[in-house]
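Enquirer:
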Amino acid sequence: MANDVTADLIHALVDNMRGTADDWQSLSIVISFDDDRISGTSGYAYSPDGVISAVASRPSGVQPAVEAYTASYYKPGEPLPVKLLVQFDRTTGKYEVTFEDTDVSRWNVSPANIEQLREELRPKFG
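In terms of numbering that gives the first Met the number 0, the sequence shown has 44 at position 45, counting the first letter as 1, and numbering is strictly consecutive.
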């Protein structure tokens, strides 16, 4: 992985993740913020057999890694993004972190968009 804060963030998300079997291949987790605190995490783990599991990581378990990650991008006192999308493929080791600075509804799941959003969030690294 490219840098320590990103590696630590991904490890913290995986170590604190609940909701999936151990054979997942890739994952996408959205971290939502309320000011400088994590207000929640949610996402999906994708298994090689096609099963998609809803997952979440315990906010208190990932808070230190998230704080270190955001501190590497933002100066003290600067507003944090409203959400981060962390995508990771454990087979290839590829990852991507996407910042959402203003749209609090981005990546929100609803009954109307659940199928589409699960695929939209699936890691696809070219």
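Glycine is no exception: its CB is placed at the ideal position from the N, C-alpha and C atoms. Here the structure is a predicted model, which means the values were calculated and not measured.
Figure out for me which residue from Leu84, Asp22, Ser27, Phe98 has the closest Cα to the Cα of Ala53.
Expert: Here the closest residue by C-alpha is Ser27.
Enquirer: Candidates Thr40, Met16, Trp23: which alpha carbon is nearest Ile51's?
Expert: Measuring from the Cα of Ile51, the nearest candidate turns out to be Trp23.
Enquirer: How should Val61 be labelled, buried or exposed, when 16 other C-beta atoms within 10 angstroms of its C-beta is the threshold for buried?
Expert: buried
Enquirer: Do you know how far the Cα of Val108 is from the Cα of Asn15?
Expert: Inter-residue distance for Asn15 and Val108 is about 21 Å (C-alpha atoms, whole angstroms).
Enquirer: Nearest to Pro75 by CA position, among Glu66, Leu83, Lys82, Val81, is which residue?
Expert: Glu66
Enquirer: Quick one, are the C-beta atoms of Asp144 and Leu83 less than 9 Å apart?
Expert: This structure gives no information on residue 144, because the portion of the chain shown stretches from 0 to 125.
Enquirer: Hey, quick one: how far does the alpha helix (DSSP H) through Gly60 stretch, first residue to last?
Expert: 58-70
Enquirer: Ala11 by DSSP, collapsed to three states: which one?
Expert: Helix, per DSSP.
Enquirer: By how many angstroms is the C-alpha of Gly39 removed from the C-alpha of Glu114?
Expert: If you draw a straight line from the Cα of Glu114 to the Cα of Gly39, it comes to about 21 Å.
Enquirer: Return the chain-ordered list of same chain residues with a C-beta closer than 8 Å to the C-beta of Ser25, the five sequence neighbours on each side being excluded.
Expert: Cβ within range, chain order: Ala44, Tyr45, Gln86, Phe87, Asp88, Arg89, Thr90, Arg121, Pro122.
Enquirer: For a test of the three-state rule: what should DSSP assign to Leu79, helix, strand or coil?
Expert: coil
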